[in-house]
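**Q**
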Amino acid sequence: MFAPKPERSVVAVPPPGDGPGFWAGAPSAVSRDGWIYLAYRLRRPLGDGRGYAVEIARSADGERFEKILTITKEEMKTESLERPTLVVTPEGRWRLYLSCATYGTKHWRVEMIEAAGPAELDPADARVVLPGDLKTGVKDPVILHHGGVWHLWASCHPLEDPEEADQMVTDYATSVDGVEWTWQGTALDRRPGEWDSRGVRVSAVTFSGETVIAYYDGRASAEENYEERTGVAIGPGPSTLTATGTAPVARSEHAGGGLRYLSIVPVAGGHRLYYELTRADGGHELRTELR
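Under full-length UniProt numbering, the first residue of the sequence shown carries the number 1, and numbering increases by one thereafter.
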């Protein structure tokens, strides 16, 4: 199991400012041709731009990154950007899935850009692949190609009551091409009375023989929004996941305890973990550790 250990981690990307509301995080990592490519979101406080950009950077050692692409919220015609998902198709094409907030609403959608390389991803080529609907906002997808099938776990939010829109469950979908998706129902739900009773969002998934292991972000209240902690869920397949334990497996020691958006990538000699961690001043930084 890859439960994060912040005491073993180092900062990969610092936030764009100091204090609450300044975040670097929501990472998605890919290992390719001796490089680790990392897509992540940059955020300022709510009144100062929210999720204003997604960057893609690369690193030879997994810790020191050079930026190769920036996509702004204005280019995506969105009020805010949240977690990106970076993947490489079996044919070697690069795809970036972007979580986009619809202006003036609580609605979220996911758009996709495809190119021959990560530096060539062009917002002008974006198309909506997960539109959500009037009752549901969809964002923060985890996407894997496994066993000849594309698998997706997405955070889904109810929109009928704006005061309840922070709630979330994780729904599961499949696809033959990673573009057109078929929803298969809720894979991971909240647990009444537990630390994850208000929201659960799958952040990373690994297939291990006949078992699927998922890491997820959870919280018990609306006040804990943005400060989710990491838990573990296990299932016999990708569509049925059951949370384990009665407490998070990882959290920050600072402020609200946020440790979220885990991404796991295989590297020579082990795995690299990337995640968003709340620091002492309330800001969020993107950290990494080698396991």
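Every residue gets a Cβ at the ideal spot worked out from N, C-alpha and C, and that includes glycine. Please read all numbers here as calculations on a predicted model, not as lab measurements.
1) Are Pro27 and Glu253 touching if we call contact CB-CB under 9 Å?
2) With a 10 Å radius around its C-beta and 16 neighbouring C-beta atoms as the bar for buried, classify Gly258 as buried or exposed.
3) Given a threshold of 16 other Cβ atoms within 10 Å of its Cβ, counted over all protein chains shown, does Lys73 qualify as buried or as exposed?
4) How many Å lie between Gly92 and Arg32 at the Cα?
5) Smallest Cα separation from Tyr226: which of Gly283, Gly148, Tyr97 and His107?
6) Tell me which same chain residues have a C-beta within less than 6 Å of the C-beta of Tyr274, skipping the five on either side of it?
7) Less than 6 Å between C-beta atoms, sequence neighbours within five positions excluded: which residues of the same chain meet that for Ala101?
8) For Phe207, report the span of its beta strand (DSSP E) as first-last.
9) Expressed to the nearest angstrom, what Euclidean distance is found between the alpha-carbon atoms of Pro4 and Val267?
10) Taking the continuous beta strand (DSSP E) assigned at Trp94, which residues delimit it?
11) Looking only at C-alpha atoms, which of Gly237, Asp166, Ala214 and Val265 sits nearest to Gly137?
12) Look at the Cβ atom of Ala214, then the Cβ atom of Ile234, and state whether they are nearer than 9 Å.
13) Whole angstroms are fine: how far does the CA of Gly269 sit from the CA of Glu163?
14) Looking only at C-alpha atoms, which of Ile68, Gly17 and Gly62 sits nearest to Asp48?
15) Using 8 Å as the threshold, is the stretch 192-209 in touch with the stretch 102-122, meaning 3 or more CB pairs across them?
16) Beta strand (DSSP E) containing Gly62: first to last residue?
17) Pull up the distance between the alpha-carbon of Pro131 and that of Val110, whole angstroms please.
18) Near Glu66, which residues of its chain fall below 8 Å by C-beta distance, leaving aside the five closest residues on each side in sequence?
19) What three-state label does DSSP hand Gly47 in the structure shown?
20) What's the gap between the Cα of Thr186 and the Cα of His157?
21) Which residue from His146, Thr240 and Arg44 puts its Cα closest to that of Gly21?
22) If you run the structure through DSSP and keep just helix, strand and coil, what is Asp122?
23) What residue does the beta strand (DSSP E) around Pro27 start on, and which one ends it?
24) Please tell me whether, using a cut-off of 8 Å, the distance from the CB of Pro248 to the nearest non-hydrogen atom of the ligand MN is below it.
25) Taking the alpha-carbon positions, what's the Pro123 to Ala255 distance?
26) From this set, Glu120, Leu241, Tyr52 and Ala12, which residue's C-alpha is nearest Ile36's C-alpha?
27) Determine the burial state of Lys139: buried for a count of at least 16 other Cβ atoms within 10 Å of its Cβ, exposed for fewer.
**A** Looking at the coordinates:
1) no
2) buried
3) buried
4) 10 Å
5) Gly283
6) Pro27, Ala29, Ser263 and Thr288
7) Thr78, Glu79, Ser80 and Trp108
8) Gly199 to Ser208
9) 16 Å
10) Trp94 to Ala101
11) Asp166
12) yes
13) 47 Å
14) Gly17
15) no
16) From DSSP, Gly62 is part of no beta strand (DSSP E); its letter is neither H nor E.
17) 6 Å
18) Ala57, Arg58 and Ser59
19) helix
20) 12 Å
21) Arg44
22) coil
23) Trp23 to Arg32
24) As presented, the structure is devoid of all ligands, the ligand MN included, so that no description of it is given.
25) 35 Å
26) Ala12
27) buried
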